[in-house]
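Have a look at the structure below, then the notes.
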Amino acid sequence: MRITRAQRNAVAEKVTSLERSFYGRGPRNVKVSVSDDDPISLVVLSIDSLTVADVVLHERGYSDAVLRHHEALHEATRQEFLDAVEEIVGSPVSAYLAQVHPTTGYAVRVFVFSDLGDFDADPPSQV
């Protein structure tokens, strides 16, 4: 599997668009990097992704609320980000992780592509 520069640029544009749609504003910049080894990971770093409300909460000592808010947003919008990246790359995502730093405003989304299958699927039940 190979992720091209054009695909990385398309991912950056789509993530910016989705964040703008879901958060009311987009990040100042988005950087996309790809690992060379299996499993392949595509890392999307959004710079300056906090909303005004997030900044106010953080400045007043409610950083945990910022984290909980973004965790809920990441879970609620998960499928849209997965669908977008899978369509651009042309391969299914095996694992997806997302987090924001409440002080710096850096947000990271990691998409893992592996032949091992879907890491987020429920494990088979033990009999």
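At position 29 of the sequence shown (counting the first as 1) the number is 38 in this note's numbering, and the numbers step up by one without a gap. Note that beta-carbon positions come from the ideal geometry of N, C-alpha and C, so glycine has one too.
- Taking the C-beta atoms as reference points, Val43 is found no nearer than 8 angstroms to Val24.
- Approximately 4 angstroms separates the beta-carbon atoms of Ala116 and Ser55; this is inside 8 angstroms, confirming the contact.
- For Leu66, the three-state secondary structure derived from DSSP is helix.
- Here Asp57 has Pro36, Arg37, Gly114 as same chain residues with Cβ atoms under 6 angstroms from its own Cβ, once five neighbours each way along the sequence are excluded.
- Gln16 and Pro111 have their alpha carbons spaced roughly 29 angstroms apart.
- With respect to the C-alpha of Arg118, the residue from Gly99, His83, Thr13, Val98 having the closest C-alpha is His83.
- For Leu82, the enclosing alpha helix (DSSP H) stretches over residues 72-98.
- The Cβ atoms of Ile97 and Val20 sit closer than 8 angstroms to each other.
- By a beta-carbon distance limit of 8 angstroms, Ala107 does not contact Val121. Their separation comes to about 12 angstroms.
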